[in-house]
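So in my numbering, spot 166 of the sequence shown is number 253, and the numbers just go up one at a time.
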Amino acid sequence: MSEKHQFQAEIQQLLDIVIHSLYTDREIFIRELVSNAADACERLRFLQTASQPVFQPETALGIAIKVDEAAGTVTITDTGIGMSQAELVENLGTIAHSGTRAFLKSLEEGKKPDAALIGQFGVGFYSAFMVATQVVVSTRSYRPEDQGWLWTSTGGGGYEIEAAADLPRGTAIVLHLKPENKEFARPGQLETLIKRYSRFIQFPIELDGKRLNTMQAIWSRNKSEIKEEEYTEFYQYLGHDQEKPLFRLHFTADAPLAIQSLLFVPSRNWESTGMMRIESEVSLYCKRVLIQDRPKELFPEWLRFLKGVVDSEDMPLNISRETMQDTSLMQKLNKVLTGRFLKFLAEQAEANPETYEKFYKEYQRFLKEGVVSDYTHKDQLGKLLRYESSTLDQGKTTSLHDYVTRMGSDQNEIFYLLAPSREAAESSPYFEVFQQKKVEVLFLQDPWDEFVMEHLHNFEGKSLKAAEKSSLVLEKPATEQSLSDEDAAALSKWLKEALGERVNDVRSSRRLVDSPVIVVDQDQMMTASMRRIMKAMNKDRESAMPESKTDLEINPAHGIIRQLNQLRQTDAGLATLVAGQLFDNACVAAGLLEDPRQMVKRLNVLLEKVLTRPANG
Ligand code: ADP
Ligand code: MG
88 MSEKHQFQAE IQQLLDIVIH SLYTDREIFI RELVSNAADA CERLRFLQTA SQPVFQPETA
148 LGIAIKVDEA AGTVTITDTG IGMSQAELVE NLGTIAHSGT RAFLKSLEEG KKPDAALIGQ
208 FGVGFYSAFM VATQVVVSTR SYRPEDQGWL WTSTGGGGYE IEAAADLPRG TAIVLHLKPE
268 NKEFARPGQL ETLIKRYSRF IQFPIELDGK RLNTMQAIWS RNKSEIKEEE YTEFYQYLGH
328 DQEKPLFRLH FTADAPLAIQ SLLFVPSRNW ESTGMMRIES EVSLYCKRVL IQDRPKELFP
388 EWLRFLKGVV DSEDMPLNIS RETMQDTSLM QKLNKVLTGR FLKFLAEQAE ANPETYEKFY
448 KEYQRFLKEG VVSDYTHKDQ LGKLLRYESS TLDQGKTTSL HDYVTRMGSD QNEIFYLLAP
508 SREAAESSPY FEVFQQKKVE VLFLQDPWDE FVMEHLHNFE GKSLKAAEKS SLVLEKPATE
568 QSLSDEDAAA LSKWLKEALG ERVNDVRSSR RLVDSPVIVV DQDQMMTASM RRIMKAMNKD
628 RESAMPESKT DLEINPAHGI IRQLNQLRQT DAGLATLVAG QLFDNACVAA GLLEDPRQMV
688 KRLNVLLEKV LTRPANG
């Protein structure tokens, strides 16, 4: 004898929406029904641990799925809590009482069971009607005195309930697929979907007798109970990586969002091969059920090397994955996760300097990308940077913070010098004044670093300054034998004429010790290497950068300069050649000389002159 029921008005409305327009991803029905089955199992487990008598207590908890391609059906069976007749009406016929929520309410305050049982997926069950013309639920409650029931509906005209004899504990849901959705009755199809969405469900899931989920959702377990090997195994499974991860961060938070997260840094940065751009491999879960595979918005771009999972119970009553992207929840998650991960890196740099160094070697470009592109986090990122420095041995690096602690009390700027190697930095004319005055300079080797410094701008209240642009000067000339001020001024004037177009201004320098000359960017806006990069970037464009004019500074105490001042009066032709060569030498030191062919030609003329000149004296 079956009993006819109408759906509550709201449910009927909801069903119409579900059937006709709500879910764009129809495949999601399997995620919802498997989640309900897992919830039912979780609730039974809770009753058992609370020593409640249950029907068929020996039956193991689990979920079994069967497909019948010929009949076009999918059956999802669980051995969970089941439903009584009244519960069928209440849970599947009305919306006000989501069973899970009612169940939670019925629990005493403060005695909250495992949070994993809260399956707040809102309209989950009704998603069955997206793919099925008819849904048949046969269920037997855990209560020993109860009996089995059969619930049948085609969605449109309400539902029927009738008694059913001899049912085992739990629930079986049979979906009679719509003709256009028959593909879900192919085992391969369903296996893919279950593995995607439900592979971390805590109860065994079998499809036609084959176990589909073997890996535990260890992120939702207590840290202290997880063995190192389990973490490694999990990482290798999730990250498809043979190696161990370089770093692991397992953390939980309650406020401002409930988050359980397990993040890994792979031991290798695959982007450094230059072959590809890596994409974040962190997926978003809600209570171990996949909500979104690798959502782009979960982390900033520069953290795209991370792998792992983020599980948040604070998903809004989730309707579909599309609506997730509209919520500000993703932004909030992003903020919390990024801040936490940066804090973690800072801690690791302190506690595990060797591993941090490895990390830095592999991933420094990402941190630098962050400084340049992520204004919110640039200060935190600045703390993570490491550079070689003039006061440290080759190969050793310092943080900006440590540099600041070493600064003299009258020093207000953090100086840096970009050079292709340490040797080049130490022999750079721009370094001379620093060396003489014992002022520390950071040696930057990555061409990106100057942009990074420009963006960082200052650190702990000290501004970052390129050595080329520093206003440091020597107290007095390096040697006694220096050109007089008048001679130096006259030579400068002559040099400017001799070099013509190439130079903007020539003047005496007060920062050179061993070098005869140095070039300085006229507008002081850019260092030479930045200019080089800008040029390279604009190479193919019509509106290339205007040709820069540089200033030349001369060292009046240098032998070449003193000699040149005499030579210009005795052999102006040769002196002009020497002037041109000196200027090119300075450009080479600054990394500015682009085409050396002219220089080589001139050098050959000079050599010939030297060789054919009568030996003097
Ligand atoms: P939610 O899971 O968010 O509560 P659903 O629409 O997915 O919403 O399910 C409605 C209710 O139906 C559940 O709360 C639960 O009480 C009941 N239910 C659904 N599937 C099962 C099942 N397999 N076993 C027992 N109860 C179920
Ligand atoms: Mg549900």
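Just so it is clear, CB atoms sit at the ideal spot from N, CA and C, and this is done for glycine as well.
Just so you know, these numbers come straight off a predicted model, no measurement behind them.
Nearest-angstrom Cα separation, counted from residue j out to residue i
i	j	result
THR162	PHE290	17 Å
ASP489	SER514	24 Å
THR410	LEU371	At THR410, the pLDDT of 49 sits below 50, so the modelled position is not reliable; the number obtained from the coordinates is stated separately. Near 14 Å, if we compare the C-alpha coordinates of LEU371 and THR410.
LEU294	SER171	27 Å
GLN143	THR258	13 Å
VAL261	ASP126	18 Å
MET217	PRO255	28 Å
PHE338	LEU529	35 Å
GLN379	ASP671	58 Å
ILE98	GLN234	26 Å
SER348	ASP592	60 Å
LEU468	LEU350	18 Å
ASP466	PRO534	20 Å
ASP328	ARG355	10 Å
ARG113	ALA438	48 Å
LEU479	ARG391	32 Å
HIS544	ALA576	36 Å
LEU416	THR425	14 Å
GLU247	GLU174	14 Å
HIS92	ILE288	33 Å
GLY243	ASN268	18 Å
GLU388	GLN221	45 Å
PRO516	GLU500	19 Å
GLY457	ARG493	26 Å
ASN421	HIS464	12 Å
THR663	TYR503	34 Å
PHE386	GLN276	31 Å
LYS583	VAL539	35 Å
ARG684	VAL697	20 Å
GLU629	ALA666	Confidence at GLU629 is low in this model, with a pLDDT of 47, below 50, so its placement is unreliable and the value that follows should be read with caution. Near 33 Å, if we compare the C-alpha coordinates of ALA666 and GLU629.
LEU120	THR160	14 Å
GLY296	GLU278	12 Å
LEU680	ILE605	13 Å
PRO132	ALA158	Looking at the sequence provided, one finds Arg at residue 132 rather than Pro. Answer to the nearest angstrom: the Cα atoms are 34 Å apart.
LYS54	PHE334	There is no way to answer for residue 54, as the model of the chain reaches only from 88 to 704.
LYS394	PRO507	33 Å
PRO603	LEU651	11 Å
Proximity winner among the options, relative to residue i (alpha-carbon distances)
i	options	result
VAL491	GLU527, VAL458 and GLY482	GLU527
ASN178	ALA157, TYR213 and GLU145	TYR213
TRP357	GLU368, SER348, LYS465 and SER89	GLU368
PRO140	ILE168, PRO231 and ILE106	PRO231
LEU654	GLU456, TRP581, ALA124 and VAL593	TRP581
TYR324	VAL396, GLY426, LYS265 and GLU114	VAL396
LYS470	GLN481, GLN451 and LYS483	GLN451
ALA677	VAL607, LYS265, ASP165 and ILE115	VAL607
ILE336	ALA342, PRO353, LEU679 and LEU661	A small fix is needed here, since residue 336 is Leu in this sequence, not Ile. The candidate whose alpha carbon is nearest that of LEU336 is PRO353.
PHE521	ALA251, LEU134, ARG598 and ARG473	ARG598
LEU134	ILE168, TRP306 and ALA340	ILE168
LEU344	LEU432, ARG286 and ARG427	ARG427
THR239	ALA250, GLU500 and VAL224	VAL224
THR301	LEU698, GLY482, LYS430 and GLU317	GLU317
ARG375	ARG286, LYS383 and SER486	ARG286
PRO332	LYS445, GLN532 and GLU695	LYS445
GLN498	GLU510, LEU559, ASP536 and TYR443	LEU559
PHE321	ALA506, GLU312, GLN481 and GLN303	GLN303
ASP253	PRO266, GLY159 and TRP236	TRP236
THR166	ALA219, GLU366, ARG227 and LEU393	ARG227
Closer than 6 Å: residue i CB and nearest the ligand SAH heavy atom
i	result
THR258	No copy of the ligand SAH occurs in the structure displayed; its ligands are the ligand ADP and the ligand MG alone.
> Enumerated in chain order, which unbroken segments of the alpha helix (DSSP H) with a length of 4 residues or greater are wholly contained in the region 316-372?
Replying inline: none
> Unbroken alpha helix (DSSP H) runs of length 4 or more, entirely within the region 208-263: which are they?
Replying inline: 215-218
>> Please give me, in chain order, every unbroken run of the alpha helix (DSSP H) with length at least 4 that falls completely inside the region 462-496.
In response: 465-469 and 487-493
> Are at least three pairs of beta-carbons, each pair with one atom in the region 541-555 and one in the region 636-646, less than 8 Å apart?
Replying inline: no
> Which runs of the beta strand (DSSP E) spanning at least 3 residues fall entirely within the region 119-174, listed in chain order?
Replying inline: 150-155 and 160-165
>> Ignoring anything shorter than 4 residues, give me the alpha helix (DSSP H) runs that lie fully in the region 407-453, in order along the chain.
In response: 408-411 and 416-438
> Taking the runs of the alpha helix (DSSP H) that are 4 residues or longer, which of them lie wholly in the region 525-607?
Replying inline: 536-543 and 572-586
> Would you call the region 567-577 and the region 640-647 in contact, with 3 or more CB pairs under 8 Å?
Replying inline: yes
>> I'd like to know if the region 265-279 and the region 150-166 are in contact, where contact means that at least 3 CB-CB pairs between them fall below 8 Å.
In response: yes
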